[in-house]
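A quick write-up on the structure given underneath.
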Amino acid sequence: MWVGTDRGMHYIDDEDRAAYCFTLTRLVGDDPVDLDECVIGSVQVVAEEQTVEQVKHGMRGWALATLAAGRYGFGRYEVAMGVRDRDGDLDTRFGHEVIDWDGDRQLVPAAG
Numbered sequence: 502m503w504v505g506t507d508r509g510m511h512y513i514d515d516e517d518r519a520a521y522c523f524t525l526t527r528l529v530g531d532d533p534v535d536l537d538e539c540v541i542g543s544v545q546v547v548a549e550e551q552t553v554e555q556v557k558h559g560m561r562g563w564a565l566a567t568l569a570a571g572r573y574g575f576g577r578y579e580v581a582m583g584v585r586d587r588d589g590d591l592d593t594r595f596g597h598e599v600i601d602w603d604g605d606r607q608l609v610p611a612a613g
């Protein structure tokens, strides 16, 4: 697979790369314990010469850019980082964050 890094484009064999994915899900429902999930975006991330923690730093930015570009409406979303299983579903998770979105930007608690 051809990948872009800070050193330019080059080819990496499947065995030589650590591939993760970011998945963005809309959380739907009234019960916070039993929410339905609707996957709205997923992207593979090649982490050449980066730790899991370094890759995880890009998770929120990717999610916010995806929400803004897709003009997604008001709601609660979850972005997660992990590896995919053979079916393409997120298997092992390395982290996740919940984003409350107002349709244009992330909602943040008021200072007070």
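First residue of the sequence shown? That's 502 in the numbering used here, and the numbers climb one at a time after it.
Where a beta carbon is used, it is the ideal one built from N, C-alpha and C, also for glycine.
Distance check between Phe595 and each of Ala548, Tyr573, Met582 and Ser543 places Met582 closest, using alpha-carbon atoms only. Excluding sequence positions up to five before and after Thr567, its CB lies within less than 6 angstroms of the CB of Leu525 and Gly542, all in the same chain and listed in chain order. If you draw a 10 Å sphere on the C-beta of Ala611, you find fewer than 16 other C-beta atoms in it, and that means exposed. The Cβ neighbour count for Val580, taken over all protein chains shown within 10 Å, is at least 16; the residue is labelled buried.
The C-beta distance from Asp601 to Asp592 rounds to 26 angstroms, too long to fall under 8 angstroms, and the pair is not in contact.
Within the model, the alpha-carbon separation for Gln555 versus Val544 is close to 16 angstroms. Burial state of Arg527 is buried, judged by a 10 Å Cβ sphere holding 16 or more other Cβ atoms.
In this structure, the CA atom of Leu608 is about 30 angstroms from the CA atom of Gln551. Taking Cys539 as the centre and dropping the five residues before and after it, the same chain places the C-beta of Thr526, Arg527 and Val529 closer than 7 angstroms to its C-beta, in chain order.
Tyr521 is the residue among Ala564, Gly576 and Tyr521 whose C-alpha sits nearest the C-alpha of Glu549. If the five residues before and after Gly571 are omitted, its C-beta is found closer than 8 angstroms to the C-beta atoms of Ile541 and Gly542, all from its own chain and listed in chain order.
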